[in-house]
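Numbering (the numbering used here), first residue to last: 625 to 919.
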């Protein structure tokens, strides 16, 4: 970056140089990440939609700016009104991971009707029908995550529903992420030995991060995986990308903000919460990038 600045300085005034460098950094950053906010995402009609079931796409299908995403089919919020019901769907080329953000309701899985509640997470194999209904007096909010299925490598996969609740999963520290962030390791691949559910093929990790006051998970990179952060609680700075000099690109963020990160992007979070505000929390999901996994 300094070399570029020195070359430009010979020809242009500082004001012009500043604009040029700002645009260069912005293009570089946006090629590595995408940001959405729940409050700003518009409802669309998709295959699950009904007059009482409302879908907002963050990333993937239904979103008009997701071209850089390769391993994800959909990531969005399904909100079902009191007394409402969604359509039942089946995806032949996707595995689904679902997370209940708020409320209670019924998951319709095949011929089964399964009660679900806040902080339940579940794995839906490909080619299995599922949907939701809400017999309660409050809305139920579910994050729907669909991942492109690789038939060449996804040979051994789970056939039935797998479901658990975050209350069943202990928080733990991970050496590479420092002492100020603890992790709930919720769901991983069928080979996983550390996650509550060893279920998926493409999804390598679904987890929650809990940040102590001013805590961080230490910004880092993943070479072969895409990743999404959704801020469940609190506020702070999301790290998404870096300058040519290696400086972190920080973005002020709050509850309801979601970020998609491409492989090799520097990512992380610095909590802005003080002691009175409690801990910030992020729901994260990481999954294989198809080109880098053999495709």
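All residues carry an ideal CB built from backbone N, CA and C; glycine is no exception.
Nonlocal neighbours in the same chain, by C-beta distance under 8 Å from residue i, ignoring five residues either side
i, result
"residue 807", "795, 796, 797, 798, 801, 831, 832, 833 and 834"
Rounded Cβ spacing between residue i and residue j (contact assumed at less than 8 Å)
i, j, result
"residue 680", "residue 662", "7 Å"
"residue 713", "residue 671", "5 Å"
"residue 821", "residue 766", "17 Å between Cβ atoms; not a contact."
"residue 664", "residue 708", "With a Cβ gap of about 23 Å, residue 664 and residue 708 do not count as contacting."
"residue 764", "residue 727", "3 Å"
"residue 811", "residue 913", "Not quite, the Cβ-Cβ distance comes to about 18 Å (not below 8 Å), so this is no contact."
"residue 758", "residue 705", "7 Å"
Spatial neighbours of residue i in its chain, beta-carbon cut-off 6 Å, leaving aside the 5 residues before and after
i, result
"residue 878", "859"
"residue 842", "801 and 802"
"residue 907", "832, 854 and 856"
"residue 626", "A caution first: residue 626 carries a pLDDT of 43, below 50, which makes its placement in the model unreliable, though a value can still be read off. Closer than 6 Å at the Cβ level, and outside the excluded window around residue 626, lies no residue."
"residue 900", "none"
"residue 839", "804, 805 and 895"
"residue 816", "822"
"residue 653", "With a pLDDT of 41 at residue 653, under the threshold of 50, the modelled position of this residue cannot be trusted, and the question is left open."
"residue 690", "683 and 684"
"residue 660", "682 and 882"
"residue 724", "740, 742, 744 and 766"
"residue 658", "884"
N- and C-terminal bounds of the beta strand (DSSP E) containing residue i
i, result
"residue 775", "Residue 775 -> no beta strand (DSSP E), and no H or E assigned at all."
"residue 808", "805-813"
"residue 831", "827-835"
"residue 754", "754-757"
"residue 821", "821-824"
"residue 698", "696-704"
"residue 672", "Where residue 672 is concerned, there is no enclosing beta strand (DSSP E), given that its DSSP letter is neither H nor E."
"residue 748", "744-748"
"residue 707", "That residue, residue 707, is in no beta strand (DSSP E); it is neither H nor E in DSSP."
"residue 893", "891-895"
Close beta carbons around residue i, own chain, < 7 Å, minus the five adjacent residues each side
i, result
"residue 718", "697, 750, 770, 771, 772 and 773"
"residue 716", "750 and 751"
DSSP-derived helix/strand/coil call for residue i
i, result
"residue 654", "No answer about residue 654 holds up, because its pLDDT of 42 lies below 50 and its placement is not dependable."
"residue 859", "strand"
"residue 712", "coil"
"residue 790", "helix"
"residue 681", "strand"
"residue 886", "coil"
"residue 877", "strand"
"residue 739", "strand"
"residue 726", "strand"
"residue 868", "coil"
"residue 903", "coil"
"residue 801", "helix"
"residue 785", "coil"
"residue 848", "coil"
"residue 908", "strand"
"residue 690", "coil"
"residue 770", "strand"
"residue 649", "In this prediction, residue 649 scores a pLDDT of 40, lower than 50, which makes its location untrustworthy; the coordinate-derived value is nonetheless stated afterwards. Correct three-state label for residue 649: helix."
"residue 721", "strand"
"residue 795", "coil"
"residue 570", "Only positions 625 to 919 of the chain appear in this structure, which leaves residue 570 out of reach."
"residue 666", "coil"
Per-residue burial, residue i [other beta carbons within 10 Å of its own, 16 or more giving buried]
i, result
"residue 628", "Residue confidence for residue 628 is low, a pLDDT of 45 falling below 50, so the modelled location carries little weight; the figure read from the coordinates is stated next. It counts as exposed."
"residue 741", "exposed"
"residue 844", "exposed"
"residue 824", "buried"
"residue 871", "exposed"
"residue 762", "exposed"
"residue 775", "exposed"
"residue 921", "The shown model of the chain, from 625 to 919, leaves out residue 921, and the question about it has no answer."
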